[in-house]
Structures are given as C-alpha cells and as structure tokens.
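Please read the structure below before turning to the comments.
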Amino acid sequence: MTSQVSSPAEQTDAALVGEQRASGTGAEGKEVRRLDRVIIRFAGDSGDGMQLTGDRFTSETASFGNDLSTLPNFPAEIRAPAGTLPGVSSFQLHFADHDILTPGDAPNVLVAMNPAALKANIGDVPRGADIIVNTDEFTKRPMAKVGYATSPLEDGSLEAYHVHPVPLTTLTIEALKDFGLSRKEAERSKNMFALGLLSWMYHRPTEGTEAFLRAKFAKKPDIAEANVTAFRAGWNFGETTEDFAVSYEVAPATKAFPTGTYRNISGNLALSYGLIAAGRQADLPLYLGSYPITPASDILHELSKHKNFGVRTFQAEDEIAGIGAALGAAFGGALAVTTTSGPGVALKSETIGLAVSLELPLLVVDIQRGGPSTGLPTKTEQADLLQAMYGRNGEAPVPIVAPRTPADCFDAALDAARIALTYRTPVFLLSDGYLANGSEPWRIPDVDELPDLRVQFASGPNHRLADGTEVFWPYKRDGRTLARPWAVPGTPGLEHRIGGIEKQDGTGNISYDPANHDFMVRTRQAKIDGIEVPDIEVDDPADDSGRGADTLVLGWGSTYGPITAAVRRVRRAGERIAQAHLRHLNPFPRNLGEVLARYDKVIVPEMNLGQLATLLRARYLVDARSHTQVSGMPFKAEQLAEVFKEAIND
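Residue 125 in numbering that gives the first Met the number 0 sits at position 126 of the sequence shown; the count goes up by one each step and never skips.
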C-alpha cells in the first residue's frame with residue numbers, strides 16, 4: 000500500500016519508547032492516549048498465523064503514514080511440534096510519528112497465543128508492558144510442554160506486567176458459530192480476532208485488511224467472511240470490554256520523510272524490484288538461475304511473476320546448476336543473477352571463479368544466515384564477508400556491495416549491476432535475513448532518477464595485426480575500466496575461445512606462460528581495485544569549538560539501524576561520537592584509510608566474530624576494536640549505546 004507524504008525530513012529519535020504526548024476521550028467514551036511510538040510483538044505457534052497477522056498490521060500502519068520497522072522471527076524447523084519452544088513464531092513491529100531505525104529493543108505489547116509463546120518471549124518484555132494472553136491455551140498439557148508446573152497467569156510471576164487475559168479461541172468460535180465451521184476450522188481465525196483487537200487498541204485502519212481477506216479467500220467466500228467476522232469481533236471486543244479501558248493513537252510521521260509516494264517494502268522485495276529496474280535500465284533481459292534456499296527464496300518467487308518485464312527465472316536442480324545457467328546467460332548477453340545463502344555460495348565458488356576468469360557480468364546475491372553448514376536457516380548473520388572476499392581458489396577478486404536497510408536493497412541492486420556491467424565482473428551483493436524479511440517505508444523513485452546502465456556489445460574487429468589484418472581480440476581492454484569487450488555469441492566475426500584455463504592477454508588463447516599468468520592475475524586485480532565507488536561519508540558533528548569526536552563507529556550492512564539508533568542515544572547523553580557506514584567492501588572507498596587515521600578509537604560492530612575488523616587491521620594497520628554478536632538476532636540499540644559510552648570513556 001502507498002501513502003503520500005509532503006513534509007521535509009526530520010532526524011529525531013525519542014530516548015524512551017511510547018512517550019505519552021496527550022490524552023482524550025474516544026467516541027465510545029474510553030480514554031485515548033497519544034504516544035510517539037509503540038513496539039508490538041505477536042507470538043504464537045508456527046501454525047497460528049503470526050506472520051500474516053504482523054504483515055496485515057504493518058500494511059495498515061504503513062497506509063496510515065507512520066514510520067515503521069519490522070522483525071519477523073521464524074522457527075528454524077519447517078513444522079516443529081505444536082506448542083513447543085522451537086515452534087514459536089513471532090513478528091515485531093515498531094511504528095512511530097517520527098523517524099525510526101530499528102524494530103525496537105523490547106516490546107511494549109506482547110500478544111502470546113499459547114504458553115510456549117509467553118515463555119519464549121517474556122525475557123524480552125520490560126516491566127510495566129502489556130501482555131495479552133490467550134487463556135484458552137493455558138491448560139495442563141500445553142503448559143507442561145514448556146516446563147510450567149503452575150500457570151504463570153495465577154502464580155504471581157507476571158505481577159510486574161499489565162496482563163490482559165483474553166479467551167481468544169472461545170471468543171472466536173462463538174463469533175463464528177453461524178458459519179457452520181468445525182471447531183478446528185473456526186480456531187484458525189483466532190489470529191484475526193487478535194488483529195482486530197490490536198487494530199482497535201491502536202486505531203489502525205480496517206478497510207485494507209477486510210479487502211485483503213476477501214481477495215485472499217476469493218475462491219472460498221465463506222472462509223473469507225468468517226475471517227472478516229473474527230476480525231470485526233476482535234475490534235468490537237476491544238471497544239466493549241472493561242479490561243481495555245484505554246486505546247492509543249500514534250500520529251502519522253509527517254515530518255520524517257521527504258516528499259514522495261511511499262509504500263511498505265521488505266528487503267527481498269526491494270532487491271527484486273532493484274534487479275528488475277537494473278534490467279530495464281540496461282535494456283537487457285534479466286535472467287535468474289537459482290535454487291531455493293532460506294532466506295533467499297522470496298527473490299525467486301517474486302521475479303517469477305514479472306515475465307512482462309523481460310525477466311526469465313530458472314529453478315535449477317541444485318546450486319551449481321543455478322549459477323552455471325546464470326553464467327551461460329551472461330555469456331549470451333543477459334543481465335544474469337543467481338541468488339542463494341551462505342551454504343549455496345560454497346557450492347557456487349568454482350563457477351564464480353570461472354566468471355572471474357571469463358570476465359563476464361554476474362550478480363551473486365547472498366542473503367546471509369547463521370552458520371556454519373546448515374546452521375540457523377531462519378536467523379540472521381553477517382558471517383559470509385570473508386567467504387565473499389576470498390572463498391575461491393587462486394587469485395579471484397570480486398567486488399562486494401552491501402545494503403544497509405530493507406529499502407536500500409533496491410539501490411544496492413542497481414549499484415551492483417552498474418559495477419558488473421561496467422567492469423565485466425561477477426559482483427557479490429551481501430544482504431542478510433534481517434534485511435530480507437524486515438520491512439520499512441520506501442519512497443518509490445521516478446524513472447528519471449535511475450541510472451543509465453546501457454552497455455555496448457562488441458560488433459566487429461577491435462585489433463589490427465602487424466600485417467594489417469583486422470581481428471577480434473576478446474581480452475583487449477578498455478583503457479579506463481580494464482573491462483574486456485562483451486561479445487554476444489553468434490555475432491559474425493567475433494568467434495572466440497572461452498573456458499577456465501588461463502588466457503593469453505588480448506587474444507584469449509590458452510596460455511601456460513608464467514609471465515602472461517602473472518600479468519593476467521595482476522590485471523584482474525587492478526580492474527577490481529580501480530572500480531569507482533563513492534568516498535565514505537562521516538557523520539561527525541563538531542562541538543562549539545569546532546572540534547570533532549575522538550571515537551568513530553564503523554559498520555557495514557544491516558548493522559546500520561542499530562548503530563545509528565545507538566549513536567543518537569550517546570549524543571543525547573552529551574557524548575561526542577562519529578559514525579560511518581560502508582556499502583562498498585571491495586574495493587573499499589579510496590578515502591577510508593584517511594578517515595580511519597583521524598580517530599583515536601575505531602569501533603566495528605558486526606554480526607560475526609570480527610571479519611571486517613580483520614580486513615581493516617590488515618589493510619590500514621588501524622587498531623579497530625571489534626564488538627561482535629552471533630546470536631542469530633540483530634543488535635539492540637541500548638546494548639550498543641553502552642558499548643560506545645564505555646569506549647569513549649576508556
């Protein structure tokens with residue numbers, strides 16, 4: 000859904016979540032409190048529809064005009080046993096009347112559909128928060144599954160919270176008694192009852208959700224109307240019950256965005272749209288050769304819907320076949336892409352090396368997840384940086400681009416395509432599960448804002464021999480970019496040999512000459528080193544005397560939101576701290592060494608064991624301090640703020 004915003008940007012971030020702004024009285028006579036922001040977490044069994052519930056609440060929040068950030072959290076197992084801790088699925092949404100950067104550190108409201116959801120999430124809930132509990136599930140057997148000897152609703156263990164016991168299942172079944180559904184069928188709509196209750200509680204629009212349900216179940220109109228009825232029943236319950244005496248309003252974020260048309264978008268969807276836009280701007284067919292893998296599969300699903308934009312998708316039998324087909328498409332003149340996660344990158348490494356040798360444009364999209372091996376398929380991590388940098392045999396340098404927010408995935412895809420097409424090289428695009436599944440508002444760009452990515456294919460001879468004969472040399476390079484010509488197979492007179500064996504400079508003929516190999520290795524490296532990337536920008540507000548900070552926080556990828564939120568907190572506390580964020584990890588921006596040298600302390604937060612910090616120490620001999628986390632979850636801003644304060648005062 001889209002919304003129009005026509006106010007200048009304002010960079011603000013309240014220190015406390017849910018700051019009360021004002022109070023009033025609603026039409027039903029209940030108190031209405033106005034808040035600046037709220038964090039809600041829906042949690043339940045993986046079959047309870049928590050992701051759908053969160054998606055619908057998010058969609059209505061986006062259409063209302065709030066800034067927002069989401070954190071879906073899926074079970075790692077496809078279908079864990081019902082009612083168990085491994086089977087808990089959750090969806091956290093942070094929405095506000097001002098600019099925000101993260102899904103929030105801790106929920107103000109937890110909706111717990113069963114004992115497992117409560118136990119798995121209660122550790123994140125701060126004292127004084129609201130907990131809405133489905134009391135129908137708090138029976139002996141479900142509680143025993145997660146180790147509750149007594150009911151937490153009765154033993155006093157939840158006294159620090161505002162607990163709202165709601166028999167969600169019973170109320171849903173009662174609301175749907177006239178539909179002739181079985182008890183099991185009726186129970187499936189309890190998530191819509193909960194969504195209706197929360198929509199009343201926070202004054203969310205309802206028309207979009209009702210239209211969505213009718214469209215989703217268009218072939219089963221009775222089920223559609225049952226879900227709409229459950230949704231309305233939840234709304235009416237909130238309005239009439241005495242247990243919910245207060246509802247809340249969070250005004251639209253009218254000052255948070257530049258003028259434009261906005262929609263809510265996830266990282267994988269933004270990346271898909273960026274790839275489509277890149278194909279259109281390059282005037283090339285877009286080809287995706289892929290094998291399904293969490294959390295990258297959404298890109299394959301989305302691109303398969305857009306054949307009308309010249310997109311062709313191929314679901315291969317394995318990872319190796321997927322990238323092999325993509326590289327073949329690149330040889331044939333397409334903008335070629337392969338999508339995967341860390342385990343798939345390992346399988347694709349030989350073909351990536353072949354792409355380096357052939358010097359063809361290829362986008363390798365790695366949606367990183369926890370490892371090693373199969374690891375944590377549904378959890379996020381940034382641990383593939385060194386694999387992307389060095390994970391091939393021989394000297395096989397590859398550019399690396401990393402988006403920083405879900406919406407930024409669109410721009411990063413265009414940037415990666417620019418590099419691949421201009422310099423004739425495979426390019427790594429390193430996103431991760433946090434960006435892929437999370438969402439935020441995205442300003443839909445005008446077409447004239449997008450870069451021109453058109454390339455010229457080789458069309459005839461490009462070299463004159465000593466005897467005057469004109470020939471085509473496939474490895475004769477552009478003087479500025481060192482890119483070789485791109486010849487579409489079948490073009491008369493441009494026949495040339497390809498393969499993974501080392502090539503003679505210029506001619507592309509097989510060569511085992513030591514001096515030629517040395518020259519080709521150094522030339523391929525020089526091509527990557529010479530890629531034009533913007534200088535890194537530093538946010539370093541000077542004090543009244545004009546003096547900047549002594550401490551720099553340097554991040555990359557999805558750590559941008561938590562780092563920036565933490566930096567704001569530190570500055571509000573009166574400390575000076577600078578911040579910079581890397582999009583280009585190979586090659587690094589040319590001014591990075593000079594920037595690092597300006598600061599006494601450099602802190603590098605990463606969701607790995609210090610991979611970027613290792614590269615910085617080796618390249619620039621800077622004492623980069625790592626702060627690492629490999630829990631499968633993103634950083635919390637509060638924790639980073641404490642780390643930054645300690646470093647400043649060290």
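Quick reminder that beta carbons are idealized off the backbone N, C-alpha and C, glycines included.
Does residue i pass the burial test, meaning 16 or more other C-beta atoms within 10 Å, or should it be called exposed?
{"i": "residue 322", "result": "buried"}
{"i": "residue 533", "result": "exposed"}
{"i": "residue 455", "result": "exposed"}
{"i": "residue 487", "result": "exposed"}
{"i": "residue 509", "result": "exposed"}
{"i": "residue 335", "result": "buried"}
{"i": "residue 9", "result": "In this predicted model, residue 9 has a pLDDT of only 33, less than 50, meaning its place in the structure is not dependable; the value taken from the coordinates is given anyway. Exposed is the call here."}
{"i": "residue 328", "result": "buried"}
{"i": "residue 57", "result": "buried"}
{"i": "residue 4", "result": "Residue confidence for residue 4 is low, a pLDDT of 44 falling below 50, so the modelled location carries little weight; the figure read from the coordinates is stated next. Looking at its Cβ environment, which holds 16 or more other Cβ atoms inside 10 Å, residue 4 is buried."}
{"i": "residue 405", "result": "buried"}
{"i": "residue 269", "result": "buried"}
{"i": "residue 7", "result": "Residue placement at residue 7 is flagged as unreliable, the pLDDT there being 32, under the threshold of 50; the coordinate-derived value follows with that caveat. Classification for residue 7: exposed."}
{"i": "residue 338", "result": "buried"}
{"i": "residue 583", "result": "buried"}
{"i": "residue 140", "result": "exposed"}
{"i": "residue 643", "result": "buried"}
{"i": "residue 378", "result": "buried"}
{"i": "residue 179", "result": "exposed"}
Assuming residue i and residue j are in contact, meaning their beta carbons sit under 8 Å apart, how far apart are those beta carbons, in whole angstroms?
{"i": "residue 74", "j": "residue 86", "result": "5 Å"}
{"i": "residue 652", "j": "residue 330", "result": "With the chain running from 0 to 649 in the structure shown, residue 652 is simply not present."}
{"i": "residue 586", "j": "residue 528", "result": "5 Å"}
{"i": "residue 398", "j": "residue 427", "result": "7 Å"}
{"i": "residue 364", "j": "residue 351", "result": "Not confirmed; about 12 Å, so no contact."}
{"i": "residue 160", "j": "residue 201", "result": "Contact doesn't hold; Cβ gap of about 18 Å is too wide."}
{"i": "residue 366", "j": "residue 340", "result": "5 Å"}
{"i": "residue 579", "j": "residue 553", "result": "5 Å"}
{"i": "residue 309", "j": "residue 288", "result": "Actually they are not in contact, since the Cβ atoms of residue 309 and residue 288 sit about 16 Å apart, beyond 8 Å."}
{"i": "residue 104", "j": "residue 636", "result": "6 Å"}
{"i": "residue 236", "j": "residue 170", "result": "6 Å"}
{"i": "residue 257", "j": "residue 442", "result": "7 Å"}
Would you mind working out which of the options sits nearest residue i, comparing C-alpha positions?
{"i": "residue 359", "options": "132, 481, 118, 254", "result": "481"}
{"i": "residue 91", "options": "69, 434, 110, 76", "result": "69"}
{"i": "residue 97", "options": "83, 65, 119, 105", "result": "65"}
{"i": "residue 471", "options": "485, 268, 40", "result": "485"}
{"i": "residue 76", "options": "55, 644, 44", "result": "44"}
{"i": "residue 464", "options": "426, 450, 439, 506", "result": "506"}
{"i": "residue 280", "options": "268, 434, 446, 79", "result": "446"}
{"i": "residue 72", "options": "95, 100, 119, 37", "result": "119"}
{"i": "residue 129", "options": "114, 169, 567, 40", "result": "40"}
{"i": "residue 250", "options": "35, 239, 224", "result": "35"}
{"i": "residue 222", "options": "67, 371, 184", "result": "184"}
{"i": "residue 516", "options": "407, 80, 394", "result": "394"}
{"i": "residue 597", "options": "611, 363, 174, 539", "result": "539"}
{"i": "residue 550", "options": "584, 640, 531, 491", "result": "640"}
{"i": "residue 416", "options": "273, 624, 491", "result": "273"}
{"i": "residue 232", "options": "60, 215, 252, 193", "result": "193"}
{"i": "residue 198", "options": "63, 531, 556, 42", "result": "63"}
{"i": "residue 165", "options": "140, 181, 109", "result": "109"}
{"i": "residue 646", "options": "344, 566, 523", "result": "566"}
{"i": "residue 403", "options": "433, 628, 195", "result": "433"}
{"i": "residue 476", "options": "450, 423, 439, 452", "result": "423"}
{"i": "residue 227", "options": "317, 206, 387, 390", "result": "206"}
{"i": "residue 151", "options": "113, 180, 127, 178", "result": "113"}
{"i": "residue 326", "options": "357, 343, 304, 599", "result": "357"}
{"i": "residue 625", "options": "648, 600, 618", "result": "600"}
{"i": "residue 173", "options": "144, 225, 162, 81", "result": "225"}
{"i": "residue 342", "options": "292, 593, 304", "result": "292"}
Report the partner residues of residue i according to the DSSP bridge assignment.
{"i": "residue 133", "result": "165"}
{"i": "residue 551", "result": "577, 601"}
{"i": "residue 91", "result": "40, 70"}
{"i": "residue 687", "result": "Because residue 687 is not part of the residues shown, which for the chain are 0 to 649, the question remains open."}
{"i": "residue 111", "result": "42, 132"}
{"i": "residue 474", "result": "505"}
{"i": "residue 537", "result": "579"}
Kindly say whether residue i, judged by its beta-carbon, lies nearer than 7 Å to any beta-carbon of chain B.
{"i": "residue 270", "result": "Although the question refers to chain B, the structure presented lacks it and comprises just one protein chain."}
Item to check | Those runs of the alpha helix (DSSP H) which lie wholly inside the stretch 418-462 and span at least 4 residues | outcome: 432-436
Next on the checklist: Extract the residue ranges of the alpha helix (DSSP H) inside the stretch 338-407, only unbroken runs of 4 or more that lie entirely within it.
Outcome noted: 341-357, 384-389
Item to check | Contiguous beta strand (DSSP E) assignments of at least 3 residues, all confined to the stretch 562-630 | outcome: Listed in chain order, they are 577-581, 583-585, 600-605, 623-627.
Item to check | Continuous alpha helix (DSSP H) assignments of at least 4 residues falling wholly in the stretch 186-246 | outcome: List check, alpha helix (DSSP H) in window: 189-200, 206-215, 220-239.
Checklist entry - What are the start and end residues of each continuous beta strand (DSSP E) run of 3 or more residues lying completely inside the stretch 271-338, in chain order? => result 285-289, 310-314
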